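Working notes, beginning with the structure itself.
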Amino acid sequence: VGGLPPLAGLPAPALSFEFFPPKTEALENQLWSCIRRLEPLAPRFVSVTYGAGGTTQARTHATVARIVKETSLTPAAHLTCVGASRGEVDDVARAYWEAGVRHIVALRGDPPAGAERYEPHAEGYAFAADLVAGLKKVAPFEISVAAYPEVHPTALSSDHDLDNLKRKIDAGATRAITQYFFDSDIFLRFLDRCLAAGITVPIVPGIMPVSNFTQMRKFSAMCGAGVPDWMGRLFEGLEDDVETRRMVAAVVAAEQVRLLQANGVDEFHFYTLNRSDLVYSIAHILGARPKSAG
Ligand code: FAD
């Protein structure tokens, strides 16, 4: 792992941002103020998630359609296989194409709340690789898929998981976006394994700015993302100090990106959680500037 490049010498990396579809009017307003704040940074694309078990289909579609109509941004709609037949999934994809959406983030999805393990729908796409192949038949979408530097929690093995990623690329995906991670070494080793397996599409690191460490640690245990001890020490004693936590979070994420940049990574996907301030300041540190300001 190389050292950190000097801040002043940083070329601004390519960025993309992830949002989730809002459930209430208040959350809708929060999302749109986030989108408006980040829009001038001219991200490569912005993506909108699909709720667990396919629960937010209408809200995801409405959010993506509004991004197409009202902003200069290029949206990517997340779409999952879980709980739907192939025909239903194809219809959703067709509606996206008709609404002007050209980029899909194709995922298997997680089992619905209460279900112990994932069961494919009897007439559905079983795994994300099948979904990618199906989407390619619907329309010539640009397709991104998920990748797991620390291995998907239910994968049979890390080799099996890597084969699965390769199958998704072979089926037509042209980018992988990773689950978030905090140990850059793990990501760089994963990149090496991808290359050795013949995966040559961009593997874009997913960056999670951590403003609520306690919540993030709980969530990370479920999705298989390791939380290094040094992070615990950094956030120690800040449980009731939101402001300092946010400043620490900005430094941690900016350093993570710079370390990866020093190792040749030049594109990053930010999990915004529909909050712009932290992501905006991290992007600024990294050299991103509003387009109108040159
Ligand atoms: P797959 O690539 O299908 O893999 C799932 C698991 O099955 C892996 O363990 C894989 O190794 C294994 N597998 C694959 N094929 C086979 C096979 N033929 N036989 C046996 N095992 C197999 N979830 C949502 O609900 N909505 C979202 O919007 C969303 N967005 C996400 C965005 C990103 C960038 C990431 C990283 C994850 C996202 N997720 C989302 C979570 C994702 O749905 C879960 O992680 C899910 O458990 C796996 O999805 P996948 O697309 O990686 O599945």
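Numbering-wise (the UniProt record's numbering), the sequence shown opens with residue 26 and increments by one. Where is the CB? At the ideal position from N, CA and C, for every residue including glycine. These numbers come from a predicted model, not from an experiment.
| task | Identify whether R283 lies in helix, strand or coil by the three-state DSSP scheme. | result | helix
| What whole-angstrom Cβ distance do Q75 and R111 have, given they're in contact under 8 Å? | In the sequence as presented, Gln is not what sits at residue 75; that position holds Tyr. That pair is no contact at about 16 Å.
| request: Using a threshold of 8 Å, state whether the C-beta atoms of N288 and L213 are closer than that. | output: yes
| field | Beta-carbon contacts of H146 that lie in its chain and below 8 Å, excluding the five residues immediately before and after | value | C106, V107, G108, A109 and S110
| field | Beta carbon of P234 nearer than 8 Å to that of A275 | value | Contact flag set, yes.
| request: Please classify F166: does DSSP put it in a helix, a strand, or coil? | output: Coil, per DSSP.
| query | Sorry if obvious, but does the Cβ on Q204 come closer than 7 Å to a heavy atom of the ligand FAD? | reply | Between the ligand FAD and the CB of Q204, the shortest heavy atom gap is smaller than 7 Å.
| field | Terminal residues of the alpha helix (DSSP H) in which L216 lies | value | S209 to A221
| request: In angstroms with no decimal places, state the Cα-to-Cα distance between N280 and A221. | output: Here residue 280 turns out to be Glu, not Asn, going by the sequence shown. CA-to-CA, the gap between E280 and A221 works out to about 27 Å.
| said: According to DSSP, S72 sits in a beta bridge with which residue or residues? | reply: E43 and A101
| said: What I want to know is whether the C-beta of L132 ends up closer than 7 Å to one or more non-hydrogen atoms of the ligand FAD. | reply: yes
| field | Cβ separation of V71 and A102, assumed to be a contact under 8 Å, to the nearest whole Å | value | Not really, about 10 Å apart at Cβ, beyond 8 Å.
| query | Does any heavy atom of the ligand FAD sit closer than 7 Å to the C-beta of N189? | reply | yes
| message | For G134 and A77, I'd like the C-alpha separation in whole angstroms. | response | 6 Å
| Range of the contiguous beta strand (DSSP E) that encloses E292 | Here the beta strand (DSSP E) through E292 covers E292 to Y296.
| Which one or two residues does DSSP pair with I129 in a beta bridge? | Residue pairing by DSSP places I129 opposite A102 and I168 in a beta bridge.
| Among the residues of its own chain, which have a CB less than 6 Å from the CB of D115, if the five just before and after it don't count? | V163
| field | Contact test: D186 Cβ vs the ligand FAD heavy atom, cutoff 7 Å | value | yes
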